[in-house]
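Novice: Here's a structure for you.
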Amino acid sequence: MYNSVIIVNSESLGRGDDGVGSGLLGVLLRKIVASPTKPDVIVFYNSGVKLLTRGSRFIDILGALEQYGVELLACGTCVYKVCGQNSLLVGRISNMDEIGQILLESNKVLTL
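Count along the sequence shown from 1, then add 44; that gives the number in my numbering.
Below is the structure:
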């Protein structure tokens with residue numbers, strides 16, 4: 045059973061200006077790192093998987109979350125379709141079977 049899971053499905057937070065959304069996502073991720081309460085899992089799918097790959101400005105923040113024990117899962121199909129290959133620098137490849145099971149077993153699911 046998981047207490048909390050966060051879903052990240054894009055490279056920015058919210059809709060509208062992607063630059064503003066990217067900045068907001070960075071602020072939120074840093075707040076999560078600094079918080080005593082952290083999610084059990086963060087799931088990345090669609091273009092959100094880019095955050096786990098080379099060129100992402102959030103690799104250090106996400107790596108810190110991983111060091112705190114937060115599991116970072118990337119949809120494998122999304123990684124291969126969006127990035128063209130397994131290019132993860134943090135986290136691990138997962139699939140919708142595992143992701144679906146995690147979501148169903150979680151007390152709280154937050155979508156960013």
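Glycine included, every Cβ here is placed at the ideal spot set by N, Cα and C.
#1: Taking residue 121 as the reference, which of 115, 130, 156 and 108 has the closest Cα?
#2: Taking 7 Å as the cut-off, decide whether the C-beta atoms of residue 87 and residue 51 are in contact.
#3: Between the stretch 111 to 120 and the stretch 55 to 65, do three or more beta carbon pairs fall short of 8 Å?
#4: Over what stretch of residues does the beta strand (DSSP E) that includes residue 115 continue unbroken?
#5: Taking the alpha helix (DSSP H) that residue 154 belongs to, which residues open and close that run?
#6: Residues in its own chain within less than 8 Å of residue 84 by CB, not counting five upstream and five downstream?
#7: Taking the alpha carbon of residue 152 as the point to measure from, which residue in 55, 82 and 70 has its own alpha carbon closest?
#8: Would you please state the rounded distance, in angstroms, between the beta carbons of residue 109 and residue 77? I believe it to be under 8 Å.
#9: Excluding the five sequence neighbours on either side, which residues of its own chain have a C-beta within less than 7 Å of the C-beta of residue 96, listed in chain order?
#10: Assuming the contact rule is C-beta atoms closer than 8 Å, residue 92 and residue 53 should be a hit. Round their C-beta distance to whole Å, please.
Specialist: Let me spell this out:
#1: Residue numbering aside, residue 121 sits at position 77 when the sequence shown is read from its first letter. A check of alpha carbon separations from residue 121 across 115, 130, 156 and 108 identifies 130 as the nearest.
#2: For the purposes of this step, residue 87 is identified with residue 43 of the sequence shown, where counting begins at 1. For the purposes of this step, residue 51 is identified with residue 7 of the sequence shown, where counting begins at 1. Yes; because the gap between Cβ atoms is below 7 Å, this pair is in contact.
#3: At 8 Å Cβ cutoff, the stretches do not touch.
#4: Reading the sequence shown from its first residue, position 71 is the one you call residue 115. Unbroken beta strand (DSSP E) run through residue 115: 115 to 119.
#5: Along the sequence shown, one-based indexing puts residue 154 at 110. Note, residue 154: premise wrong, no alpha helix (DSSP H); beta strand (DSSP E) at 150 to 155.
#6: What you label residue 84 is simply residue 40 of the sequence shown in a count that begins at 1. Take residue 84, set aside five residues on each side of it, and the residues of its chain with a beta-carbon closer than 8 Å to its own are 46, 47, 48, 49, 114, 115 and 150, in chain order.
#7: For this step, residue 152 is matched to residue 108 along the sequence shown. Of the candidates 55, 82 and 70, 82 places its Cα closest to the Cα of residue 152.
#8: Position 65 of the sequence shown, counted from the start, is the residue given in the question as residue 109. Position 33 of the sequence shown, counted from the start, is the residue given in the question as residue 77. The Cβ separation is near 6 Å, so the contact holds.
#9: Counting from 1 along the sequence shown, the entry for residue 96 is found at position 52. Apart from sequence neighbours up to five positions away, the residues of its chain that approach residue 96 with a beta-carbon distance below 7 Å are 88, 106, 116, 118, 132, 133, 134 and 135, ordered along the chain.
#10: Reading the sequence shown from its first residue, position 48 is the one you call residue 92. Reading the sequence shown from its first residue, position 9 is the one you call residue 53. Indeed, because the Cβ distance is near 5 Å, the residues count as touching under 8 Å.
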